[in-house]
Amino acid sequence: RIEMSEELTEIRTLLAPVTGGTVMLPGSVIAEVTEFSEPNQFKDSPDWLLGGINWSDWSVPVVSFAMLSGTADSEEPGARSRVLVVKSLSENSSVPYLGILISGVPRLAKVTASRLTKPKKSAEFPCVFKQVNFGEEEVRIPDLDELTRVTEEALGDE
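5 is the number of the first residue of the sequence shown in our numbering; add one for each residue after it.
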């Protein structure tokens, strides 16, 4: 019997800049990184729900993860903004894809457990699964189930 050590388990991730920080997502949930275009507004939606974009015949809600997780009070997309389209992990979701506004070009990284450490100060943030240090960089790993749930709730009957 062969046992796999934690050190051998390497996960390909995407590190994406957001206002006030960086998010880390496993590569397996990334559908595409697309140029930012002004989303169609949803009526009566919270500030962090920026609207929806059309992507591959899907209507994809775009969220400001920075606003939702508390690293920014507001967010104005700039010239370097993009939308990170991710697959929802919820099988019965009315939101199969989510768009996360990012503030620049994401980069690929291979991650092992030994390269992740706990930050000196750690706080709880909405829709954040874990806050960790990756090398010298503090990153937030989104809780995609919770992100999907709050997005569905905010959309209501849209």
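C-beta atoms are modelled at their ideal positions from N, C-alpha and C, and glycine is treated no differently. Only a predicted model underlies this, so the values are computations on that prediction, with no experimental measurement involved.
Helix, strand or coil: how does DSSP classify residue i here?
i	result
S63	strand
L29	strand
V37	strand
L159	helix
R153	helix
R144	strand
L72	helix
E10	For E10, the predicted structure reports a pLDDT of 48, less than 50, and the residue's modelled location is therefore unreliable. A value from the coordinates is still provided. The answer is helix: DSSP assigns E10 an H, G or I state.
With distance defined between alpha-carbon atoms, name the residue in the options nearest to residue i.
i	options	result
D147	A20, E42, S92 and L19	S92
F40	G31, L53, T13 and S85	S85
T155	L18, L54 and V87	L54
S49	V115, I34, A20 and P65	P65
Here's the rule I'm using: 16 or more other beta-carbon atoms within 10 Å means buried, otherwise exposed. How should residue i be labelled?
i	result
S60	exposed
S9	With a pLDDT of 49 at S9, under the threshold of 50, the modelled position of that residue is not reliable, and the figure given next carries that caveat. By the neighbour-count rule (16 or more Cβ atoms within 10 Å), S9 is not buried but exposed.
G31	exposed
Cβ pair count under 8 Å reaching 3, the stretch 117-137 against the stretch 66-84: yes
For the stretch 93-101 against the stretch 46-65, are there 3 or more C-beta pairs whose distance is under 8 Å? yes
Is there contact here, the stretch 137-147 with the stretch 37-56, by at least three beta-carbon pairs under 8 Å? no
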